[in-house]
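Right, one structure below, let's go through it.
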Amino acid sequence: MNRIDAILRDPVFPRIKAAVIGATGLAYYADKDAALAERINRRLSDKPTLGLAAYLAQLAAEGPAGPEYQALINELTVGETFFFRYAEQFEALCAVAIPECLRRNRESRLLRIWSAGCSIGPEAYTLEILLKRHFADRLRDWQVSIVGTDLNASFIETARRGVYGNWAVRGLDPAVLAECFDRQGDLWAVKPRFREWTSFSVFNLVDGPLPNYPRGLGALDVVLCRNVMIYFDEPTRTRLLENLHEVLVPNGWLVVGHAETGQQVNSLFTPVPVPGATIYRKPRPGCAPAAALPAALPAYMPSIAVEPPPAEAKPAEPKPAKKRSTATESVARLRATAAKPTPASLPTPQPAVPSSAGPSVTASDGDRAAALDACIALAERNRLDPAVHFRLGLLEEELGVGDPIAAFKRALYLDSDFALADYHLALAYWRRGKLAPAQRHFRNARATVATHDATELVAEGGGLTVAELRSMIDLWFSGEEP
Ligand SMILES: C[S@@+](CC[C@H](N)C(=O)[O-])C[C@H]1O[C@@H](n2cnc3c(N)ncnc32)[C@H](O)[C@@H]1O
Numbered sequence: 003m004n005r006i007d008a009i010l011r012d013p014v015f016p017r018i019k020a021a022v023i024g025a026t027g028l029a030y031y032a033d034k035d036a037a038l039a040e041r042i043n044r045r046l047s048d049k050p051t052l053g054l055a056a057y058l059a060q061l062a063a064e065g066p067a068g069p070e071y072q073a074l075i076n077e078l079t080v081g082e083t084f085f086f087r088y089a090e091q092f093e094a095l096c097a098v099a100i101p102e103c104l105r106r107n108r109e110s111r112l113l114r115i116w117s118a119g120c121s122i123g124p125e126a127y128t129l130e131i132l133l134k135r136h137f138a139d140r141l142r143d144w145q146v147s148i149v150g151t152d153l154n155a156s157f158i159e160t161a162r163r164g165v166y167g168n169w170a171v172r173g174l175d176p177a178v179l180a181e182c183f184d185r186q187g188d189l190w191a192v193k194p195r196f197r198e199w200t201s202f203s204v205f206n207l208v209d210g211p212l213p214n215y216p217r218g219l220g221a222l223d224v225v226l227c228r229n230v231m232i233y234f235d236e237p238t239r240t241r242l243l244e245n246l247h248e249v250l251v252p253n254g255w256l257v258v259g260h261a262e263t264g265q266q267v268n269s270l271f272t273p274v275p276v277p278g279a280t281i282y283r284k285p286r287p288g289c290a291p292a293a294a295l296p297a298a299l300p301a302y303m304p305s306i307a308v309e310p311p312p313a314e315a316k317p318a319e320p321k322p323a324k325k326r327s328t329a330t331e332s333v334a335r336l337r338a339t340a341a342k343p344t345p346a347s348l349p350t351p352q353p354a355v356p357s358s359a360g361p362s363v364t365a366s367d368g369d370r371a372a373a374l375d376a377c378i379a380l381a382e383r384n385r386l387d388p389a390v391h392f393r394l395g396l397l398e399e400e401l402g403v404g405d406p407i408a409a410f411k412r413a414l415y416l417d418s419d420f421a422l423a424d425y426h427l428a429l430a431y432w433r434r435g436k437l438a439p440a441q442r443h444f445r446n447a448r449a450t451v452a453t454h455d456a457t458e459l460v461a462e463g464g465g466l467t468v469a470e471l472r473s474m475i476d477l478w479f480s481g482e483e484p
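Following the numbering used here, the numbering of the sequence shown begins with 3 at its first residue and continues without gaps.
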């Protein structure tokens, strides 16, 4: 029996698994015994006589900040990241969220941003680069702080060094590379002038409540927590989202990864669809999050266009209940949104309508219904377009209506190489407890992406790369079809 098999059969293994998941939130490993055992084995390779019970005792004694726990965490965490990852989300921040923060904080002249789960740091530096490139004049005399945190201490060391290989800067425009990085042999060092506002520290997102402002993580204007929650289970995600909600100022902004959107986020934050991306806003006290048009609708990628400060926006007032829009009206509204990429054209989140405004029809219901109308009408008019059926499936799945499985199947019938449709069809089956077809479609998605280069963008993925989709599929794909 090899060492990994021995670890798997050891009666202490389930306790180590529970302890590690409890300490890190990485529930991803709950059904990945072989992967977890393999990583524990790596840690034990130079300790041939150490049994699992003694190893567990060592971990318990030192806790997640201890050296051996950290070494194990280094093995367990997935740090995939790169500069300007999901550019459209950064564009949304520059077009909508940052100008709004500048208006809101013009008295205090403070801007606080947190990159939570920052890995080796590109997300945080990207923010400083964008702020300096697009808002330098308006931020003169401001106190700006961008804090990047991660569970993995070695990632944080790399982040602090700010020196990267080609992989982290892949796809960057040569002009941006030249402007923002110094060449150091084969490596790229972030220029000192883009490192003035950014700092990094080790921080565990699932370890109790988030610290408050005295520790630098409160009263935040913007939080990016992208591609971190996909590794957590639902209760951990819920707790974390509540904590993130807590540390944001009213009207503050949250950005999550594409695979992390959905009802959990929508129940606390108002989705604000910006062409090409959806970002989320903490409602002001007393306002419930309002539903908005979904991100799954046709994407339009503007280049970053930063406008002069617009006239002061009036505080949003409760609107009368809307009548359910017709599909044509909804499509017209969507088209209008897509056609104007400037901040002024972007829809403003609306607070929920007071119940006195009408029987059971709220603005949220109206918007959701309108979005669905629009999507159905598009699908009817573009029956042979797989992307439209795919987006309808996403929307139906998010709203819990219609037949998303049928919509994803139609997309695949029209394009059998539509990897993301296979992936979402698999997820839809998985959520319904249908594990055999779920595994089959994860397998199909994997086979489709296997024929593509890792750096290629996935169709309908909003910037998702083949490598990222592969690692998302691997989270779910067990290789067995029960
Ligand atoms: C895939 S990376 C995402 C990096 C970056 N946010 C991005 O989207 O490019 C996920 C990061 O989450 C971190 N992470 C996982 N569990 C964590 C926890 N409990 N607390 C803090 N960070 C955690 C990992 O160490 C890893 O660096």
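Glycine included, each C-beta is placed from N, C-alpha and C at the ideal position. As the structure is a computational prediction, the values presented were derived from the model and not from experiment.
Compare the Cα-Cα distances from residue i to each of the options and report the closest residue.
i    : options                   : result
W199 : P406, E70 and L113        : L113
Y166 : T151, R172 and A191       : A191
G81  : M231, D375, L243 and A279 : M231
F420 : R434, A438, A379 and V468 : V468
K134 : E181, L386, P211 and A56  : E181
P285 : V249, C96, I18 and T51    : V249
D405 : G395, L429 and L207       : G395
R44  : E64, Y30 and Y71          : Y71
E196 : V204, S203 and D184       : The question names Glu, but residue 196 is Phe in the sequence shown. Measuring from the Cα of F196, the nearest candidate turns out to be D184.
G150 : S121, S47, A21 and E102   : S121
Q155 : P16, N206 and N446        : Looking at the sequence shown, residue 155 is not Gln but Ala. Comparing Cα-Cα distances from A155 to each of P16, N206 and N446, the minimum goes to N206.
D48  : P388, A59, R5 and K19     : R5
A428 : R412, A413, R445 and Y415 : R445
V208 : D139, D417, T240 and Y127 : T240
G164 : F84, L52, L132 and V403   : F84
Y127 : V171, E109, Q145 and A177 : V171
A59  : R17, R448 and A221        : R17
G210 : K193, A25, P50 and V274   : A25
G503 : A221, T457 and A413       : In the structure displayed, the chain extends from 3 to 484; residue 503 sits before or after that span and is not available.
I115 : L189, K193 and E130       : E130
R108 : C96, T450, W144 and S201  : W144
L459 : G173, T51 and G187        : G173
A376 : R393, L386 and E159       : R393
When you compare only the Cα positions, how much space is there between residue i and residue j?
i    : j    : result
I41  : A423 : Note on residue identity: the sequence assigns Arg, not Ile, to residue 41. Their Cα atoms are separated by approximately 32 Å.
T272 : Y282 : 5 Å
A261 : R228 : 9 Å
F92  : E470 : 18 Å
P287 : P252 : 7 Å
V267 : L243 : 7 Å
P13  : Y57  : 13 Å
H391 : V98  : 29 Å
S117 : L256 : 10 Å
L374 : A381 : 10 Å
A371 : Y431 : 24 Å
Q265 : H247 : 15 Å
G123 : A461 : 27 Å
V225 : A73  : 27 Å
L78  : G68  : 15 Å
L179 : G463 : 25 Å
A438 : A452 : 21 Å
N245 : S203 : 18 Å
A94  : R105 : 16 Å
Y425 : R142 : 46 Å
D455 : R111 : 45 Å
F270 : Y415 : It should be pointed out that residue 270 corresponds to Leu in this sequence rather than to Phe. Distance between the alpha carbons of L270 and Y415: 36 Å.
V258 : R383 : 32 Å
S486 : E236 : Nothing can be reported for residue 486: it is not among the residues displayed for the chain, which extend from 3 to 484.
D417 : N168 : 34 Å
I407 : R442 : 14 Å
P176 : K19  : 45 Å
Y30  : L212 : 22 Å
Quick check: is any heavy atom of ligand 2 less than 8 Å from the C-beta of residue i?
i    : result
P124 : This structure lacks ligand 2; its bound ligands are ligand 1.
Which whole-angstrom value is the C-beta distance of residue i and residue j, which I expect to be below 8 Å?
i    : j    : result
A37  : I23  : Not confirmed; about 13 Å, so no contact.
E400 : A409 : Not a contact, Cβ separation roughly 12 Å.
D35  : L54  : With 8 Å as the limit, D35 and L54 do not qualify as a contact, their Cβ atoms being about 13 Å apart.
T238 : G27  : 5 Å
A21  : A62  : 7 Å
F137 : I100 : 6 Å
E90  : A279 : 4 Å
D7   : C103 : In fact, because the Cβ distance is near 54 Å, the residues do not count as touching under 8 Å.
E490 : R162 : This structure cannot speak to residue 490, because the chain is shown only from 3 to 484.
D448 : I475 : Checking the sequence, you will find Arg at residue 448 rather than Asp. Contact holds; Cβ gap of about 5 Å.
Practice problem: Would you mind listing the alpha helix (DSSP H) stretches within the region 179-258 that are 4+ residues and don't spill past its ends, in chain order? | Solution: Entirely contained in the region 179-258, the alpha helix (DSSP H) runs reaching 4 residues are, in chain order, 236-249.
Quiz prompt | Those runs of the alpha helix (DSSP H) which lie wholly inside the region 49-114 and span at least 4 residues | solution = 54-64, 69-78, 89-94 and 100-106
Exercise. Starting from the N-terminal side, write out each stretch of the beta strand (DSSP E) that is 3 residues or longer and does not extend beyond the region 139-174.
Key: Uninterrupted beta strand (DSSP E) stretches at least 3 residues long and entirely within the region 139-174 occur at 145-152, given in chain order.
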